[in-house]
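**Q**
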Amino acid sequence: MSERHALHAAPLLVAGCIIFGLGSLIVKFVDVGSYAIAFWRLAISGVVFFFLARFFGQKLPQNKKAVYTALLSGVFLAFDLALWHESIHAVGPGISTLLNSLQIFFLSAIGFFFFGERLSKLQMLSLLIAVTGVAFIGSPEFSYNSDAVWGFVSGIASGAMLALSMVFIRKTHQIEHTALFPLMMILSFGGALSLILPALMFDAGALYPATLRDVGLVLIYGVVMQCFAWGLIAYAILLLSLSLTGLLLLSEPVAALVIDYFWLDKPINGLQWLGAAMTLLAIYLGSLKSKPAD
Numbered sequence: 314m315s316e317r318h319a320l321h322a323a324p325l326l327v328a329g330c331i332i333f334g335l336g337s338l339i340v341k342f343v344d345v346g347s348y349a350i351a352f353w354r355l356a357i358s359g360v361v362f363f364f365l366a367r368f369f370g371q372k373l374p375q376n377k378k379a380v381y382t383a384l385l386s387g388v389f390l391a392f393d394l395a396l397w398h399e400s401i402h403a404v405g406p407g408i409s410t411l412l413n414s415l416q417i418f419f420l421s422a423i424g425f426f427f428f429g430e431r432l433s434k435l436q437m438l439s440l441l442i443a444v445t446g447v448a449f450i451g452s453p454e455f456s457y458n459s460d461a462v463w464g465f466v467s468g469i470a471s472g473a474m475l476a477l478s479m480v481f482i483r484k485t486h487q488i489e490h491t492a493l494f495p496l497m498m499i500l501s502f503g504g505a506l507s508l509i510l511p512a513l514m515f516d517a518g519a520l521y522p523a524t525l526r527d528v529g530l531v532l533i534y535g536v537v538m539q540c541f542a543w544g545l546i547a548y549a550i551l552l553l554s555l556s557l558t559g560l561l562l563l564s565e566p567v568a569a570l571v572i573d574y575f576w577l578d579k580p581i582n583g584l585q586w587l588g589a590a591m592t593l594l595a596i597y598l599g600s601l602k603s604k605p606a607d
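Here this note's numbering = 1-based position in the sequence shown + 313.
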């Protein structure tokens with residue numbers, strides 16, 4: 314990887330993260346339920362990835378097990394999105410996005426319990442810092458927000474779902490190397506199908522956007538946030554070192570916190586800002602686990 318490529322990829326990664334985080338504003342302001350808007354996001358992106366795969370001539374995987382694994386990855390991604398949306402409604406975009414970013418620790422736990430990967434001292438330190446940071450963020454929130462408990466539970470659970478989705482994407486590639494667009498198409502459609510029943514059960518009164526404005530915002534959410542922003546992130550990650558990637562990925566929760574505080578006027582006190590800074594530091598330290606030196 315050349316320095317020139319890194320300089321080119323770094324701003325793309327930051328732009329992708331910020332655009333991705335802006336999707337939380339659409340979730341907050343569009344009157345569509347958490348499960349329903351996750352369904353529309355994945356269904357719309359599935360259609361986009363279908364046409365991209367056709368245009369670039371990328372083929373579906375031939376191994377049925379690879380297809381099933383990609384579908385399962387989509388199911389976990391679907392519930393990651395739905396639970397993240399629930400957390401956004403409960404505690405706001407900033408805290409919910411920060412909690413979702415804790416997926417790095419769930420990946421470490423999966424590696425430890427199922428793949429025999431050892432935890433380094435740096436990882437254990439980062440976990441301790443993260444727990445302390447989340448406690449600092451949560452303690453004032455619990456005192457005035459009756460939805461805080463569900464917001465934190467759903468936000469952290471969304472990080473676990475995201476970690477499982479990433480694990481099954483990796484397993485799909487291990488079974489059969491799959492081109493990007495067909496993989497994302499299978500993943501998106503699988504996730505959308507898994508959300509039909511939950512959306513009907515929990516979001517019966519808010520299944521679809523009711524105004525042209527909301528229709529446009531939901532289309533933007535599916536095309537721009539799920540396809541364009543994710544594409545920028547996926548492209549840039551391949552060109553950057555793991556440590557720099559881990560640092561730049563923190564721009565997503567940072568952007569969400571700034572939007573929450575300055576745009577949405579959410580009260581965030583000094584203890585919560587300290588907790589946010591500690592959690593971001595912990596996530597960054599956790600992202601260093603795969604460096605050769607560890």
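Idealized CB from N, CA, C, for every residue including glycine.
Predicted model, so just to flag it, every value in this text is computed and none were measured.
At a cut of 8 Å, does the stretch 497-505 reach the stretch 442-453 through at least three beta carbon pairs?
**A** No, the stretch 497-505 does not touch the stretch 442-453.
**Q** Considering only residues of the same chain and omitting the five flanking positions on each side of isoleucine 488, which have a CB-CB separation below 7 Å?
**A** Excluding residues within five positions, the ones whose Cβ falls inside 7 Å are Asn376, Lys378, Ala379, Thr382.
**Q** Between which residues of its own chain and alanine 476 is the CB-CB distance below 7 Å, once the five residues before and five after are set aside?
**A** Cβ within range, chain order: Gln416, Phe419, Leu420, Ile423.
**Q** Could you tell me if leucine 510 is buried or exposed, where buried requires 16 or more neighbouring beta carbons within 10 angstroms of its beta carbon?
**A** The residue in question, leucine 510, is exposed, as its Cβ has fewer than 16 Cβ neighbours within 10 Å.
**Q** What did DSSP end up calling asparagine 413 once you bin it into helix, strand or coil?
**A** DSSP places asparagine 413 in helix when its eight states are reduced to three.
**Q** Please list the segments of the beta strand (DSSP E) lying wholly inside the stretch 390-456, counting only runs of 3 or more residues, in order along the chain.
**A** Counting only runs of 3 or more, we get nothing.
**Q** Counting only runs that start and end within the stretch 461-529, where is the alpha helix (DSSP H) found for 4 or more residues in a row?
**A** The stretch 461-529 contains these whole alpha helix (DSSP H) runs: 461-488, 493-507, 509-515.
**Q** Would DSSP call aspartate 607 helix, strand or coil?
**A** Summary for aspartate 607: the model assigns pLDDT 36, below 50, so the residue's position carries little reliability; its value from the coordinates is reported in the next sentence. Correct three-state label for aspartate 607: coil.
**Q** Rounded to whole angstroms, what's the CA-CA distance from lysine 484 to serine 386? Just pull it up for me.
**A** So the alpha carbons of these two residues sit roughly 9 Å apart.
**Q** Return the Cβ separation of glycine 504 and leucine 355 in integer angstroms, given the expectation that the two are a contact with Cβ distance under 8 Å.
**A** Yes, they are in contact, since the Cβ atoms of glycine 504 and leucine 355 sit about 4 Å apart, within 8 Å.
**Q** What distance in whole Å lies between the Cβ atoms of leucine 562 and cysteine 330, which are believed to be in contact at a cut-off of 8 Å?
**A** Confirmed, Cβ separation roughly 6 Å.
**Q** Determine the direct distance from the alpha carbon of valine 345 to that of isoleucine 408, and round the result to whole angstroms.
**A** Their Cα atoms are separated by approximately 21 Å.
**Q** Buried or exposed: which applies to alanine 611, given that a residue is buried once 16 or more other Cβ atoms fall within 10 Å of its Cβ?
**A** Here the chain comprises residues numbered 314 to 607, so residue 611 is not present and cannot be evaluated.
**Q** Classify tyrosine 534 as buried or exposed, calling it buried when 16 or more other Cβ atoms lie within 10 Å of its own Cβ.
**A** Looking at its Cβ environment, which holds 16 or more other Cβ atoms inside 10 Å, tyrosine 534 is buried.
**Q** Judging by CA-CA distance, which residue of Gly588, Leu577, Gly544, Leu593 is the nearest neighbour of alanine 322?
**A** Looking at the Cα atoms, Gly544 is the closest of the given residues.
**Q** Could you check how far apart the C-beta atoms of phenylalanine 494 and phenylalanine 369 are, in whole angstroms? I think they sit under 8 Å.
**A** Indeed, because the Cβ distance is near 6 Å, the residues count as touching under 8 Å.
**Q** Does tyrosine 457 pass the burial test, meaning 16 or more other C-beta atoms within 10 Å, or should it be called exposed?
**A** Exposed is the call here.
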